[in-house]
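Trainee: Numbering (the numbering used here), first residue to last: 4 to 419. Backbone N, C-alpha and C fix where the C-beta goes; we use that ideal spot for every residue, glycine too. On a predicted model such as this, the values are computed, not experimentally measured, just so you know.
#1: Per DSSP, residue 308 forms a beta bridge with which residues?
#2: Going by DSSP in three states, residue 295 sits in which element: helix, strand or coil?
#3: Looking at C-beta atoms only, is the number of pairs between the region 175–185 and the region 152–165 that lie closer than 8 Å three or more?
#4: Would residue 183 and residue 168 be called neighbours here (beta carbons separated by less than 8 Å)?
#5: Using 7 Å as the cut-off, classify the Cβ of residue 108 as near or not near the heavy atoms of the ligand SAM, replying yes or no.
#6: My understanding is that residue 249 touches residue 220, with C-beta atoms under 8 Å, so please give their C-beta distance in whole angstroms.
#7: For residue 418, name the three-state secondary structure that DSSP assigns.
#8: Buried or exposed for residue 143, please, with buried defined as at least 16 other CB atoms from any protein chain shown within 10 angstroms of its CB.
#9: Measuring only the C-alpha atoms, how far is residue 77 from residue 408?
#10: In terms of residues, what are the limits of the beta strand (DSSP E) holding residue 268?
#11: The alpha helix (DSSP H) spanning residue 349 covers which residue range?
#12: Relative to the alpha-carbon of residue 198, which residue among 267, 130, 273, 119 has its alpha-carbon at the smallest distance?
#13: Given a cut-off of 8 Å on the beta-carbon distance, is the pair residue 236 and residue 296 in contact?
#14: Per DSSP, which one or two residues make a beta bridge with residue 204?
#15: In three-state terms, what does DSSP make of residue 123?
#16: May I ask you to report which of helix, strand or coil DSSP gives residue 394?
#17: Compare the C-alpha of residue 288 against each of 102, 396, 363 and name the closest.
#18: How is the beta strand (DSSP E) around residue 223 delimited, first residue to last?
#19: Output the boundary residues of the beta strand (DSSP E) element that contains residue 362.
#20: Compare the C-alpha of residue 258 against each of 224, 382, 331, 344 and name the closest.
#21: State the CB to CB distance for the pair residue 187 and residue 373, rounded to an integer number of angstroms; the pair is presumed to be in contact (CB under 8 Å).
#22: Could you give the distance in angstroms between the alpha-carbon of residue 136 and the alpha-carbon of residue 99?
#23: Which stretch, first to last residue, makes up the alpha helix (DSSP H) that contains residue 285?
#24: For the beta strand (DSSP E) that contains residue 258, what are its first and last residues?
#25: Can you give the Cα-Cα distance for residue 243 and residue 69, rounded to whole angstroms?
#26: Find the nearest neighbour of residue 109 within the set 73, 294, 311, 281, judged by alpha-carbon distance.
#27: Name the residue from 254, 216, 275 whose alpha carbon lies nearest to the alpha carbon of residue 247.
#28: In angstroms, rounded to a whole number, what distance separates the CA positions of residue 280 and residue 117?
#29: Would you tell me roughly how many angstroms separate the C-alpha atoms of residue 303 and residue 240, rounded to the nearest one?
#30: Do residue 160 and residue 336 have their C-beta atoms closer together than 8 Å?
#31: Could you spell out where the beta strand (DSSP E) holding residue 141 opens and where it closes?
#32: If you follow the alpha helix (DSSP H) that residue 108 is part of, which residue opens it and which one closes it?
#33: Excluding sequence positions up to five away, which residues of its chain have a Cβ less than 8 Å from the Cβ of residue 89?
#34: Tell me the rounded alpha-carbon separation between residue 361 and residue 413.
#35: Could you have a look at residue 372 and say whether DSSP puts it in helix, strand or coil?
#36: Taking 7 Å as the limit between beta carbons, can you name the residues of its chain near residue 349, skipping five residues before and five after?
Structure representation (structure tokens):
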């Protein structure tokens, strides 16, 4: 077994530095208060408080600003990874619609019908796409399976995570780019608050009453995208804050559909699993489980991608779509939308949640939706995937410019 890559550790140390405060506040509380790190005094990745902290929080000094009416606070420096960063926001109803001259249909691919991607559906049911003269069709496709159809024009928009399929497309110079992020949990890295992330069965640890977190590297995990999931990245990052010598390469990671992971946990087919919003609410009060890792704070790890259709052939249509999406976030998802009955009813239509589960969701923190993409996220995730042997076709991370195109939301917001 190879040791963890020094390159991966260096990149992770920089990313972790910005979240030390949140980790310190929630290291041993809440649902994870029964988990021992197994490492005396280990609260952060070794070296993370050195020069990496400065690098992580320092902005590039950009003077760019959004200029579209109502969106003057709709843009932030992508290099700002600080916990105090103000999330980009416009006023409700902004940016204003700029209807296309003729009605245009776009196809959106997603195999999730969960809260985190509900704005793409709410934009449809509440008429925001129609304001742009857009008609949308949803198709049930995983992000990986949507890549060929993005490339050939059968699909216009694909929803997914930062996955190997995306990185491979970038390495091959295929005209597919991430054009927006999606969300992050507002209290990520705070273990006094149950939330999306890696959840484990206590009985799979040698001391169930106080699981030793170091043992997690010997357990069987499950994610919807297997080892090539951004959830593996954030789980490793969060665990290494408390167990610096944690080795993600030792973990047996299986591919299991998100909606089947709870059953797999309860049937003891797996020891730990990534539970997305709102699936984790089904185990948050069950003493048989504990939360081992949250998402990394302040960093959207899901995304939407465009193919050649909207990047090259019809950029005005791509801008119309993203304008409607951003307006939906600003109008319906900007605050504590869990207390907005109208929005919650639309989310329930999308997810198909039971009235009982919806009632539980209403009592939880609303997600922080964030259409921006942070600098360095794709590099850090790729480096981990290379180290894990998930990516084998190249040995150096593909440069961000081949994967991410921020110009779409910059044009929508009039960033200058």
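Mentor: The short version:
#1: In the DSSP assignment, the residues bridged to residue 308 are 161, 181.
#2: Assigned with DSSP and collapsed to three states, residue 295 falls in strand.
#3: Short answer: they touch.
#4: No, they are not a contact pair.
#5: This structure lacks the ligand SAM, and indeed carries no ligand of any kind.
#6: Contact holds; Cβ gap of about 6 Å.
#7: Correct three-state label for residue 418: coil.
#8: It counts as exposed.
#9: Computed Cα separation, rounded: 17 Å.
#10: Note, residue 268: premise wrong, no beta strand (DSSP E); alpha helix (DSSP H) at 264–269.
#11: For residue 349, the enclosing alpha helix (DSSP H) begins and ends at 344–354.
#12: With distances taken between Cα atoms, residue 198 lies closest to 119.
#13: 8 Å or more divides the Cβ of residue 236 from the Cβ of residue 296.
#14: According to DSSP, which records beta bridges pairwise, residue 204 is partnered with 292.
#15: Looking at residue 123 - three-state DSSP - the assignment turns out to be helix.
#16: DSSP places residue 394 outside both helix and strand once states are collapsed to three, so it counts as coil.
#17: Closest by alpha carbon: 363.
#18: In the DSSP annotation of this structure, the continuous segment of the beta strand (DSSP E) that includes residue 223 starts and ends at 223–226.
#19: Note, residue 362: premise wrong, no beta strand (DSSP E); alpha helix (DSSP H) at 358–365.
#20: The shortest C-alpha separation from residue 258 is found at 224.
#21: By a beta-carbon distance limit of 8 Å, residue 187 contacts residue 373. Their separation comes to about 6 Å.
#22: Looking at the two C-alpha atoms, the distance is approximately 13 Å.
#23: Segment: none, residue 285 is in no alpha helix (DSSP H) and carries neither H nor E.
#24: 255–258 is the span of the beta strand (DSSP E), which, as asked, contains residue 258.
#25: Taking the straight line joining both Cα atoms gives about 37 Å.
#26: Nearest to residue 109 by alpha-carbon distance, out of 73, 294, 311, 281, is 311.
#27: Nearest option by C-alpha distance: 216.
#28: Each residue's alpha carbon lies about 7 Å from the other.
#29: Inter-residue distance for residue 303 and residue 240 is about 14 Å (C-alpha atoms, whole angstroms).
#30: No, they are not a contact pair.
#31: First-last of the beta strand (DSSP E) with residue 141: 137–142.
#32: Residue 108 -> not in any alpha helix (DSSP H); beta strand (DSSP E) instead, spanning 107–112.
#33: Result list for residue 89: 76, 79, in chain order.
#34: Near 35 Å, if we compare the C-alpha coordinates of residue 413 and residue 361.
#35: Three-state DSSP puts residue 372 in a strand.
#36: Excluding positions up to five away in sequence, the list reads 125, 128, 129.
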